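Report on the following structure.
Number of protein chains: 2
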Amino acid sequence: MRRFKCTIQYDGTDYSGYQVQPNGLTIQEVIEKTLERMHKHPVKIIGSGRTDARVHAQGQVIHFNTELSIAPASMVKALNTLLPDDIRIRDCKEVASDFEARYDVVGKEYRYFVRQTEDAFRRHQSVLIPYSLDVAQIRLGLAYLVGTHDFSSFCVAKTETDNRVRTIYEAELIEQGEELIFRFHGSGFLYNQIRIMVGTLLDVGRGRFAPEDIKRMLEAKDRNVAGVTAPPHGLYLWEVFYPESKKGI
Amino acid sequence: MRRFKCTIQYDGTDYSGYQVQPNGLTIQEVIEKTLERMHKHPVKIIGSGRTDARVHAQGQVIHFNTELSIAPASMVKALNTLLPDDIRIRDCKEVASDFEARYDVVGKEYRYFVRQTEDAFRRHQSVLIPYSLDVAQIRLGLAYLVGTHDFSSFCVAKTETDNRVRTIYEAELIEQGEELIFRFHGSGFLYNQIRIMVGTLLDVGRGRFAPEDIKRMLEAKDRNVAGVTAPPHGLYLWEVFYPESKKGI
């Protein structure tokens, strides 16, 4: 039995999120059904974490076990032939049998795309912001989020975890053509954390909050003080980081 | 009565092409129904030309008459509010009452996008070419198409026109990130001409034809000697050109 680690790209538009659930088609379900076709028996996959309905991934990571004598490059080709074209396998590696796509995560990068102009081709891939944004003010606000903080104000109030302390290593706003990209690299993120941070920063950009209000919000540890949750379709799980020692066989 | 000229962007994925037809939803039909809602009576639009099912536009041009006392900028906002988000109005101008979106065309630019890597987000917007391409050979072939030629070998055999002579002013291959873009600027193009030229040039890129075969194909004036018709979803009507004298009021 060998263990494979795959890096997956998906357009989340037509899915009810990553994780299997009773209502609606999910990314996990489609990949597991495809692996079942190849293996002639059910194959369970473990992902680095969930993504919500309509959220995308450039680099979601999964692992699974296989008894097939197939090279990783052939696994990529076989899966891409069988999967629908809104889910693509970008890379596959054989890893040690103790590699865990979920528990070994040491960091994640998310990006959130917004645009200020109408664009038929980006309608499911970035969020249209029809009001003008003060990019310099957003950058000032963004700086307050970097570091180790209790992010209770920036996650769903009912988040099932006692520890809401997380570390954001880097946060930046990238101007790329007609779009603005929020990039966050951190130890891990709470439920809806990126979308609430972005929703709040967009309010900073239109002058509803001052940049230094972000500091006050962090201190309040109360979801009610932060801004709205930005829509799902601007969000991408961009990259998942693992320790060097887990780089593969 | 005033005449408006609008520049339209559309993602052609979910449409049966530009022009109204009995089977399947078309771009023209959706825009006309939207204008009818605004005007409380049917409004006919005239486009610069047709695009096929799944073909896109960055800059299709239409005209129509209106008795509404509405500024062009307000027309853009009103239409974008009412239209589905895969059809966007980019610009609207009032023009002289003799402006004709179809008959006044003096040139068109089309672009055709291909990529060599899997990409879930570009699946409907560019064509995946899974074999390697010799870009230098394609550029040599492309050069033969520039100029005034009889393009009978590069259009649908049953094309209903006696005159198959057209002029290509510029043709180039642009390398942009992971994608290759064929750009054609010409006086006008025959039915399926861009897709047949691209299909043939891709065969040059993989070594099935030599670049100088393009010259031989033009001389043959026979659709059977050229390559396959490339798929529709890589094609974009990029820009439509009108005389300076028709620039608007």
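Residue numbers (this note's numbering), protein chains in the order written: chain E, 1 to 249; chain R, 1001 to 1249.
Even for Gly, the Cβ is constructed at its ideal location relative to N, Cα and C.
None of the values given here were measured: they were computed from a predicted structure.
Determine the DSSP secondary structure at His39 of chain E, reduced to helix, strand or coil. helix
Within the continuous alpha helix (DSSP H) that includes Ala255 of chain E, where are the two ends? There is no way to answer for residue 255 of chain E, as the model of chain E reaches only from 1 to 249.
What did DSSP end up calling Leu1173 of chain R once you bin it into helix, strand or coil? strand
For the segment 1083-1103 of chain R and the segment 1201-1220 of chain R, state whether three or more C-beta atom pairs, one from each stretch, are separated by less than 8 Å. no
Using 7 Å as the threshold, is the C-beta distance between Met197 of chain E and Phe154 of chain E below it? yes
Using the three-state DSSP reduction, which class does Phe1154 of chain R fall into: helix, strand or coil? helix
Is the Cβ-Cβ distance between Ile194 of chain E and Phe184 of chain E less than 7 Å? yes
What whole-angstrom Cβ distance do Gln9 of chain E and Gln58 of chain E have, given they're in contact under 8 Å? 6 Å
So, Leu1190 of chain R versus Thr1051 of chain R, is the Cβ gap smaller than 7 Å? no
Please determine, among E:Glu36, E:Ala53, E:Thr7, the residue with the shortest C-alpha to C-alpha distance to Asn23 of chain E. E:Ala53
Start-end ranges of the beta strand (DSSP E) lying completely within the segment 1025-1092 of chain R, minimum 3 residues: 1056-1066
Between the C-alpha atoms of Asp119 of chain E and Asp98 of chain E, what's the straight-line distance to the nearest angstrom? 45 Å
What does the alpha-carbon distance come out to for the pair Pro72 of chain E and Glu94 of chain E? 7 Å
So Arg3 of chain E is in the beta strand (DSSP E); what residue range does that whole segment cover? 2-10
Is there a Cβ from chain R that is less than 7 Å from the Cβ of Ala120 of chain E? yes
Interface residues of chain E around Gln1176 of chain R at Cβ under 8 Å? Here the premise fails: no neighbours, minimum Cβ distance about 12 Å.
Where His1041 of chain R and Thr1066 of chain R are concerned, what is the direct C-alpha to C-alpha distance, given to the nearest angstrom? 11 Å
Looking at Val106 of chain E and Pro243 of chain E, is the spacing between their C-beta atoms short of 7 Å? yes
Please report the straight-line C-alpha distance between Leu1035 of chain R and Ser1016 of chain R, rounded to a whole angstrom. 20 Å
For the candidate residues E:Gly248, E:Gln60, E:Gly234, E:Val135, whose alpha-carbon lies nearest to that of Pro13 of chain E? Note that residue 13 of chain E is Thr in the sequence shown here, rather than Pro. Per the Cα distances, E:Gly234.
CB contact check: Asp1091 of chain R to chain E, cutoff 7 Å: no
Reduced DSSP category for Thr1159 of chain R - H, G, I as helix; E, B as strand; rest coil: coil
Beta strand (DSSP E) segment containing Leu235 of chain E, residue limits: 235-241
Mind checking the segment 1002-1033 of chain R against chain E and listing, in chain order, the residues whose C-beta falls within less than 8 Å of any C-beta there? Gln1009, Tyr1010, Asp1011
Quick check on the burial criterion: 16 or more other C-beta atoms within 10 angstroms. Buried or exposed for Arg216 of chain E? exposed
Spell out whether any CB of chain R is found under 7 Å from the CB atom of Asp52 of chain E. no
For Glu244 of chain E, which of helix, strand or coil comes out of DSSP? helix
Contact set for Ala1226 of chain R: own chain, Cβ-Cβ below 7 Å, skip 5 residues either direction: Ser1153, Phe1154, Ile1196, Thr1200, Met1217
Check whether the Cβ atoms of Phe182 of chain E and Arg166 of chain E sit closer than 7 Å, and answer yes or no. no
Name the residue from R:Val1020, R:Leu1079, R:Arg1037, R:Leu1133 whose alpha carbon lies nearest to the alpha carbon of Thr1007 of chain R. R:Leu1079
Taking the beta strand (DSSP E) that Gly1199 of chain R falls in, what are its first and last residues? Note, Gly1199 of chain R: premise wrong, no beta strand (DSSP E); alpha helix (DSSP H) at 1193-1205.
Could you please give me the residues that DSSP links to Phe1189 of chain R through a beta bridge? Partner(s): none; Phe1189 of chain R has no beta bridge.
Chain-ordered chain E contacts of Ile1087 of chain R [CB-CB under 8 Å]: Ala120
Residue environment, Gln1176 of chain R, which counts as buried when at least 16 other CB atoms sit within 10 Å: exposed
Can a CB atom of chain R be found closer than 7 Å to the CB of Asn192 of chain E? no
6 Å CB neighbourhood of Ala220 of chain E in its chain, flanking five on each side removed: Ser153
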